[in-house]
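Line order of the protein sequences matches chains C and B. Sequential numbering of the first sequence, starting at 1, is according to this note's numbering. Sequential numbering of the second sequence, starting at 491, is according to this note's numbering.
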Amino acid sequence: MAALTFIHQNLLHSTPKLTTSKPNLKPKRTKTKLSIQTIRESPQASFTDQFVLQLADSLEDSLPSSSSSSLPLQKLRDNSSETLLSTQWPSRKDESFRFTDTSFIKNSDINPISHPPNSLDLLEVSRDTQFEIFNFVDGFLVDSSFSSSNLPDGVYVGSLSKLSSEGILKRVCELLGDFEWGDLFWSVNGLGAPDLMVVYVPEGCRVENPIYLKYIAVEGADKGSKKMPLSNPRVFVLVEKGGEVGIVEEFVGKVGSECYWTNSVLEVVVGEGGKVSHSYLQKQSLSAAHIKWTSVRQEKTSTYELVEVSTGGKLSRHNVHVQQLGSDTVTELTTFHLSVGDQTQDLHSRIVLDHPRGYSQQVHKCIVAHSSGQAVFDGNVKVNRYAQQTDAGQLTRSLLLEPRATVNVKPNLQIIADDVKCSHGAAISDLEDSQLFYFQARGIDLEIAREALVFSFGAEVIDKLPYSFVQKQVKDHVKALLKSRRKGSS
Amino acid sequence: MAWQIQCTASPPLLPSFPPFTLKSTSSISLPLPLPLPLTRSSRFRSTHAPSPRPIAASFSAVESTTSTDGLGNSKTPLLEVKGLTAVIAETKQEILKGVDLVVHHGEIHAIMGKNGSGKSTFSKVLVGHPDYEVTGGDVVFKGENLLDMEPEERSLAGLFMSFQSPVEIPGVNNIDFLHMAYNARRKKLGEPELGPLEFYAYIYPKLDLVNMKTDFLNRNVNEGFSGGERKRNEILQLAVLGADLAILDEIDSGLDVDALRDVAKAVNGLLTPTNSVLMITHYRRLLEVIKPTFIHIMENGRIIKTGDSSLAKVLEEKGYTAISAA
Numbered sequence: 001m002a003a004l005t006f007i008h009q010n011l012l013h014s015t016p017k018l019t020t021s022k023p024n025l026k027p028k029r030t031k032t033k034l035s036i037q038t039i040r041e042s043p044q045a046s047f048t049d050q051f052v053l054q055l056a057d058s059l060e061d062s063l064p065s066s067s068s069s070s071l072p073l074q075k076l077r078d079n080s081s082e083t084l085l086s087t088q089w090p091s092r093k094d095e096s097f098r099f100t101d102t103s104f105i106k107n108s109d110i111n112p113i114s115h116p117p118n119s120l121d122l123l124e125v126s127r128d129t130q131f132e133i134f135n136f137v138d139g140f141l142v143d144s145s146f147s148s149s150n151l152p153d154g155v156y157v158g159s160l161s162k163l164s165s166e167g168i169l170k171r172v173c174e175l176l177g178d179f180e181w182g183d184l185f186w187s188v189n190g191l192g193a194p195d196l197m198v199v200y201v202p203e204g205c206r207v208e209n210p211i212y213l214k215y216i217a218v219e220g221a222d223k224g225s226k227k228m229p230l231s232n233p234r235v236f237v238l239v240e241k242g243g244e245v246g247i248v249e250e251f252v253g254k255v256g257s258e259c260y261w262t263n264s265v266l267e268v269v270v271g272e273g274g275k276v277s278h279s280y281l282q283k284q285s286l287s288a289a290h291i292k293w294t295s296v297r298q299e300k301t302s303t304y305e306l307v308e309v310s311t312g313g314k315l316s317r318h319n320v321h322v323q324q325l326g327s328d329t330v331t332e333l334t335t336f337h338l339s340v341g342d343q344t345q346d347l348h349s350r351i352v353l354d355h356p357r358g359y360s361q362q363v364h365k366c367i368v369a370h371s372s373g374q375a376v377f378d379g380n381v382k383v384n385r386y387a388q389q390t391d392a393g394q395l396t397r398s399l400l401l402e403p404r405a406t407v408n409v410k411p412n413l414q415i416i417a418d419d420v421k422c423s424h425g426a427a428i429s430d431l432e433d434s435q436l437f438y439f440q441a442r443g444i445d446l447e448i449a450r451e452a453l454v455f456s457f458g459a460e461v462i463d464k465l466p467y468s469f470v471q472k473q474v475k476d477h478v479k480a481l482l483k484s485r486r487k488g489s490s
Numbered sequence: 491m492a493w494q495i496q497c498t499a500s501p502p503l504l505p506s507f508p509p510f511t512l513k514s515t516s517s518i519s520l521p522l523p524l525p526l527p528l529t530r531s532s533r534f535r536s537t538h539a540p541s542p543r544p545i546a547a548s549f550s551a552v553e554s555t556t557s558t559d560g561l562g563n564s565k566t567p568l569l570e571v572k573g574l575t576a577v578i579a580e581t582k583q584e585i586l587k588g589v590d591l592v593v594h595h596g597e598i599h600a601i602m603g604k605n606g607s608g609k610s611t612f613s614k615v616l617v618g619h620p621d622y623e624v625t626g627g628d629v630v631f632k633g634e635n636l637l638d639m640e641p642e643e644r645s646l647a648g649l650f651m652s653f654q655s656p657v658e659i660p661g662v663n664n665i666d667f668l669h670m671a672y673n674a675r676r677k678k679l680g681e682p683e684l685g686p687l688e689f690y691a692y693i694y695p696k697l698d699l700v701n702m703k704t705d706f707l708n709r710n711v712n713e714g715f716s717g718g719e720r721k722r723n724e725i726l727q728l729a730v731l732g733a734d735l736a737i738l739d740e741i742d743s744g745l746d747v748d749a750l751r752d753v754a755k756a757v758n759g760l761l762t763p764t765n766s767v768l769m770i771t772h773y774r775r776l777l778e779v780i781k782p783t784f785i786h787i788m789e790n791g792r793i794i795k796t797g798d799s800s801l802a803k804v805l806e807e808k809g810y811t812a813i814s815a816a
């Protein structure tokens, strides 16, 4: 298993070679616009993927024309643009896309959204939450949707362009986009993000209420249409030494918007002793494409906790990368994926431990409840030479409820340090007979028992969500999805 | 003396005669059916007093004889097991090798026996556990063939088994589970299902019975429960769902003295003149708090001896070898 992933790494290392050819290609990109047809026929012929070039072009065209973009964002765009030139559209031959077919996106007419919708009054009124909600519409942060007045002193939540503090700007500039593990989608976001939302928590500050980010896809084509509007929301979270914050990310599509592509990036830097509790809810339309990156860097004694529930998207992929920057870190990833339709749910996670006494726990669960549904899990935990006395655990459980439902799991621990405690497990199953029998023994019929158990399988993860109103909302959503499935099948 | 009558007249006390043979050779009937409910209830009020027990036992014995009097007004037994054999579904290893047992309304039976004698298997087979396959014999419960019924139908028919080690169900709330089970019962009885609030009102008083706090309801079924909490939870389910025959499979294992008293008190509180209990246990101490009408000794997949509560004492003093040798 370890050997396999090393091959994967070699692949990544070979990219610098490709960049050498970049200068020659740059002019070509600005000049030529090739049709998709030609590209498809010879995508491997050159180091540059014409399709990606065209996409990069349209992304650049979609950016706000005003040159007011601040320095960090400009830097990010330049880097991303450069990287894109040497990146190919992923194929099934790439190890990290072996089980994830992205041709659905590639075969669509991708159209980066250049401005937020004109009428914002169609936004749902925020529900019965005691928290303020920060809205992203089609990748654009809606400033009017919040006021930061309720936040503690020194905390900044808002657009980078409105950030007045030189100090924070400098910190953002230092840290933004400093990431060597990204893929094509990371770079697409880097180039196409119209803005950057910054969440800054100063030293020793504990933010009581979670920062609730709601990403809404408003522009969307009908189901079955080739059109695919693309949005690239991007958020940067920086928690300084001893700070604490909760982030909730919720992704939804406006009712009636079926076909769209959300390509989102969240970067998190947790300072020494800091804590970030991250809840990620993906409830996109079942015809949408959803690609998400979460990159986390953890200083010593910091804590990062992720709870994810993903149910939407025809293709949904979450790439999580957690990098340990100091000793005694705590990392917990608890994730639940549900495919009730013809969907692919993919989690690619990577936790890299380079320092002593790190603690990492990962639980991934998925349910595939459709005969052409699929789940993919590639979970890598890397315990490097100096990460002695690491305590790392990983467990994945998959529930396949229909014939031909598919799951591809590749849990892998790479351990180089010699004084560590590591465990991992993977189970793929139907429901437990002993549990079903317990229901029956109390007079509950098999169908109801199955339904309750299927729900409970995911509820174990949902219960980890730190806010009860979020828990309830997600439970209702999952219940409704499972119910729709039952109705559909009967 | 009642004691004597019981010993001579009651069929289940004579191990050499399987119950069904006695049915045909109709035996003595004592005209004492009326005081029965009265004595039963008084017995349950004073479970710790030893004196009423033999009387109750004798009344039950009387009841069992009336059931076989052939006069047409006889009561059928609640549960009748004849020559039941069963194997482990996976390995086909035979565990039950011909079990005979008759339980009438209002009786308390205890099955004792060494580890591996088949006691727990017997109780699981009765409720239709999929790990076992019945290969022969009959089981009639309330006049119906139990072996034809699905596990949930058996439960709805009034058969309840408390599990020896109940399984954890992470993600399913205890109150939701009870609610589902209770509504399944109401549906079966043709009554309207209860909403969450009504159900809460129904269940709340039952918590006292098992000496549990309210937060117990909001925890996941058996998840992280201590041994004692699991047993209490089983009894809570019994209290909520009710049963004509409650099979308590080692309800005393892993309990400290106080917890055992709580559980026993709860079980005694649930007894009525018509419902019955089948206890499976290793220890006499349970039989001191829930007084059995009959004790059966199981060995190698059969009931080899049946007697009154004095059997437990013999067992304690001389061990199973004395009994199987006798």
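Where a beta carbon is used, it is the ideal one built from N, C-alpha and C, also for glycine. Small disclaimer: the values here were computed from a predicted structure and weren't measured.
- The residue from C:Pro-152, C:Leu-71, C:Glu-82, C:Leu-431 with its alpha-carbon nearest to that of C:Ala-56 is C:Glu-82.
- Inclusion of B:Tyr-672 and B:Leu-768 in the CB contact set at 8 Å is not warranted, their separation being larger than that value.
- For B:Ala-691, the enclosing alpha helix (DSSP H) begins and ends at 686-699.
- What C:Asp-94 touches in chain B, judged by beta-carbon distance under 9 Å, is nothing: the nearest beta carbon there is about 36 Å away.
- Glu-432, Asp-433, Ser-434, Gln-435, Phe-437, Tyr-438, Phe-439, Gln-440, Ala-441, Arg-442, Gly-443, Ile-444, Asp-445, Leu-446, Ile-448, Ala-452, Leu-453: these are the residues of the segment 429-453 of chain C whose beta carbon lies less than 8 Å from some beta carbon of chain B, given in chain order.
- The residue among C:Ser-302, C:Asp-328, C:Asp-463, C:Gly-190 with its C-alpha nearest the C-alpha of C:Ala-387 is C:Asp-328.
- As DSSP reads the structure, C:Leu-281 sits in a beta bridge with C:Glu-250, C:Val-309.
- Under the three-state reduction of DSSP output, C:Ser-62 falls in the helix class.
- The closest CA to that of C:Gln-298, considering only C:Val-307, C:Ser-277, C:Ile-291, is found on C:Ser-277.
- At least 8 Å separates the beta-carbon of C:Val-322 from that of C:Val-363.
- Under the Cβ distance rule, C:Ser-456 counts among the residues neighbouring chain B, one pair being separated by less than 8 Å.
- Following the DSSP letters along the chain, one finds B:Pro-641 in no beta strand (DSSP E) but inside the alpha helix (DSSP H) bounded by residues 641-647.
- Residue-level contact check: B:Ala-674 touches chain C, since one or more beta carbons of chain C fall below 8 Å from its beta carbon.
- For B:Asp-752, the CB contacts under 6 Å within the same chain, skipping 5 residues up- and downstream, are Asn-701 in chain order.
- If you compare the alpha carbons of C:Phe-439, C:Lys-75, C:Asp-391, C:Glu-451 with that of C:Leu-169, the shortest gap goes to C:Lys-75.
- Classified as exposed, B:Ala-812 has fewer than 16 neighbouring CB atoms from the shown chains inside 10 Å of its CB.
- Positions of the alpha helix (DSSP H) runs, each at least 4 residues long and wholly inside the segment 581-665 of chain B, are given as 609-617, 641-647 in order along the chain.
- Here C:Lys-292 is actually not in contact with C:Glu-250; their C-beta atoms are around 12 Å apart, not less than 8 Å.
- From the beta-carbon of C:Glu-308, no residue of chain B is found nearer than 8 Å; the closest lies around 16 Å away.
- Under the rule that a run must span 3 or more residues, the beta strand (DSSP E) segments found entirely inside the segment 382-449 of chain C read 391-400, 406-415, 421-429.
- Boundaries of the beta strand (DSSP E) harbouring C:Arg-297: 289-298, taken from the DSSP string.
- C:Phe-437 and C:Tyr-260 have their alpha carbons spaced roughly 43 Å apart.
- For the pair C:Leu-400 and C:Val-407, the CB atoms are nearer than the 8 Å cut-off.
- In the three-state reduction of the DSSP assignment, C:Gly-192 falls in the helix class.
- Taking a Cβ-Cβ threshold of 9 Å, the residues of chain C close to B:Gln-727 are Arg-442, in chain order.
- Between C:Glu-460 and chain B, the shortest Cβ-Cβ separation is below 8 Å.
- The segment 177-196 of chain C and the segment 220-228 of chain C do not touch, with fewer than 3 CB-CB distances between them shorter than 8 Å.
- Residue environment: B:Ile-741 is assigned as buried (16 or more neighbouring CB atoms within 10 Å of its CB, all protein chains considered).
- Proximity of C:Asp-463 to chain B, defined by a Cβ-Cβ separation below 8 Å, is satisfied.
- Secondary structure of C:Trp-261 (DSSP, three-state): strand.
- In the three-state reduction of the DSSP assignment, C:Asn-150 falls in the helix class.
- Taking C:Ser-372 as the centre and dropping the five residues before and after it, the same chain places the C-beta of Asp-342 closer than 6 Å to its C-beta, in chain order.
- Residue contact with chain C for B:Leu-637: absent (no Cβ-Cβ distance below 8 Å to any residue of chain C).
- C:Asp-378 has C:His-348, C:Lys-410 as its beta-bridge partners, per DSSP.
- The Cβ atoms of C:Ser-264 and C:Tyr-200 lie no closer than 8 Å to each other.
- Closer than 7 Å at the C-beta level to chain C, one finds no residue of the segment 773-803 of chain B.
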